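Below is one structure, written out as structure tokens; comments come after it.
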Amino acid sequence: MERLAGTEARLSWRVATITESKPESPHAKTLVLDVPGWPGQRAGQHVDIRLTAEDGYQSERSYSIASAPETPALELTIDRVEDGEVSPYLTEEARPGDQFELRGPVGGYFVWEATSDQPLLLVAGGSGLVPLMAILRQHELVGSGAGTRLLLSARTLEDVLYRQELEALRDRAEAVTVHLTLTRDTPPPEWSGWARRVDRAMLEAVGPGPDARPRVYVCGPTPFVEEAAGLLVEIGYDPRSVHTERFGG
Amino acid sequence: MPPISRGFRGRRQTEVDPSRLPPGQYVTKDFPVLSAGPTPHTPLDEWSLSIAGAVGEGRSWSWDEFMDLPNEVVTVDIHCVTKWSKFDTPWRGVPVDRLLEGTEPWGKYVVAWSDGGYTTNLPLADVTDGKAWVAFEYGGEPLEPEHGGPARLLVPHLYFWKSAKWVRGINLAEQDEPGFWESYGYHNYGDPFKEQRYWSD
Amino acid sequence: MHKDGNAIAGVLEEIFTVEVTAETRTCQSCGQENAIGAHRLFTGAGYVLRCPNCSDVAATIATVPGDYRVTLFGAWSVQPPQ
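Protein chains in written order, with our numbering: chain A, -10 to 238; chain B, 4 to 204; chain C, 933 to 1014.
Take a look at the structure:
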């Protein structure tokens, strides 16, 4: 099948060079990348990356884009999977100057349009926060007034990605509320958030409720997404408004 | 030539006996879970294994009856078409020879079928003469559902998609009938040492 | 555990030459309409995309060197490029 003109460049493999590596938590790092010719992305999209070892062995993985579309440099946040093949390399070995191949941006289902004024409900499990952070960052950069609620489930407080940024957002933004639940640790004594797995009561408390007809995004490990999405539909949110992205695992 | 990612090696085992490694494969210490569909969960009291088709009188075993059959421990290398190989994997299973004992099949082909609808086809000659088992233990433990438990077909000399997880029956046929992956571009036979991954190989 | 159609957005775009995860498919078995990105993705020898409602097969994708061998089921609705 002959390729349509103009489509080749967009989805070919490009070379990405790491320019910076920033810790986000004890086992997650954000890689800042230089990708010549990067066409720009929409909030929520991801990239496919491909690593090649010296003997030609290759591995491919996908990572959500953490940076807002308005931010010039592309950022990916990598959560280290224990005994993983690629994430330990990216979080522990890779350094500025290192390169890999990158394809994208991809994804058109799990994206947010900054011009939308529909209320937003964002539900994240662990590193499922990454694409939702891109949405939150864009939301702030464009000065969106869309009422936005984030519910983040993390194992422990130190696992929370972008913790300081989220706390600042919570304090500063009028249109954004941030809710946190910790599922593993005994939370610190002054903890004001929840301390249990996401359940129906928690989602109902976060709101905004089906009548507000929000756009809903749920992202994280597959069991988390299936559970949360099921509860949201039970509560009465329109299933077609609930967008899901499962990370497997 | 793609850029080399400095310092990247993957999680391969690199000190391996090359004569055991088929072309294009890499040895892993993991046991990746690959599947064409969701994991079925048939309760053991509803489980059965059957032999049917071009074999005359079919036969079938309940789980308890299957457990009463003679079985053996085998240690084999396995090779997945997605390029990973795993050496010295320890299984316990009932030889397919034993399941076919006493039958006189006139079909020369076999389709193994599984809970969830998966199928794969093989020549009868490739599941007899000590080449195949229905395995129910891995590493001395009951086979986990994500790896095909309670029982799966084990045919180590062919690519591992032929070792149908959640196997429930072996049907003999006079005609070769491509199974699931074979219908969608994968090789009809699948010999890893001849690198028969795809229909065009 | 399975992922979803989002995980192969890149592969699907190579095949269709347009982004399809936001497009929908009406299942041949249960009749439900769902976004491709919401379909369940299984990775076996190749990829299998399944209806999120009834689990029936929506697509199989075998990655043969230099080629994709694709079989689609159900009614896929895909917008051509503008």
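By construction, the Cβ of each residue, glycine as well, lies at the ideal position given by its N, Cα and C atoms. Small disclaimer: the values here were computed from a predicted structure and weren't measured.
Closer than 8 Å to the CB of I7(B) there is at least one CB belonging to chain A. For A157(A), the enclosing alpha helix (DSSP H) begins and ends at R152 to R161. P145(B) and L47(B) do not touch by the CB rule: their CB atoms are close to 10 Å apart, not below 8 Å. Closest option to K18(A), judged by alpha-carbon separation, among G132(A), V205(A), R84(A) and R186(A): R84(A). Between L65(A) and Y52(A) the beta-carbon gap is near 5 Å, inside 8 Å, which marks them as a contact. Collapsing the DSSP output to three states places D72(A) in coil. In summary, H44(B) is exposed, with fewer than 16 beta-carbon neighbours lying within 10 Å of its beta-carbon over all protein chains present. For the stretch 30 to 64 of chain A, the beta-carbon criterion of a distance under 8 Å to any beta-carbon of chain B is satisfied by R39, L40, T41, A42, E43, Y46, Q47 and S48.
For the stretch 148 to 181 of chain A, the set of positions with a beta-carbon nearer than 9 Å to some beta-carbon of chain B is empty. The three-state secondary structure of E945(C), taken from DSSP, is helix.
In the three-state DSSP reduction, K89(B) falls in the strand class (E or B).
Residue-level contact check: Y226(A) does not touch chain C, since none of the beta carbons of chain C fall below 8 Å from its beta carbon. For the stretch 85 to 113 of chain A, the beta-carbon criterion of a distance under 8 Å to any beta-carbon of chain C is satisfied by R92, G93, V95, G96, G97, Y98, F99 and V100. In summary, the residues of the stretch 965 to 981 of chain C whose CB is separated from some CB of chain B by less than 8 Å are R972, F974, T975, G976, A977, G978 and V980, in the order they occur in the chain.
Residues of the same chain with a CB within less than 6 Å of the CB of V195(A), apart from the 5 flanking positions on each side, are R138, L140 and H168 in chain order.
Between the alpha carbons of Q30(A) and W101(A) lies a distance of about 11 Å. Sorting V76(B), Y162(B), S38(B) and W169(B) by C-alpha distance to the C-alpha of Y141(B) places V76(B) at the top.
For V943(C), no CB of chain B lies under 8 Å from its own CB, so it is not counted at the interface with that chain.
Restricting attention to S8(B), I7(B), L24(B) and Y29(B), the CA atom closest to the CA of R15(B) is found in Y29(B). Around the beta-carbon of S166(B), 16 or more other beta-carbon atoms lie within 10 Å, marking it buried. By the rule that beta-carbons nearer than 8 Å mark a contact, T953(C) touches chain A. As DSSP reads the structure, A954(C) sits in no beta bridge. About 4 Å separates the beta carbon of N174(B) from that of G56(B), a gap short enough to meet the 8 Å contact definition.
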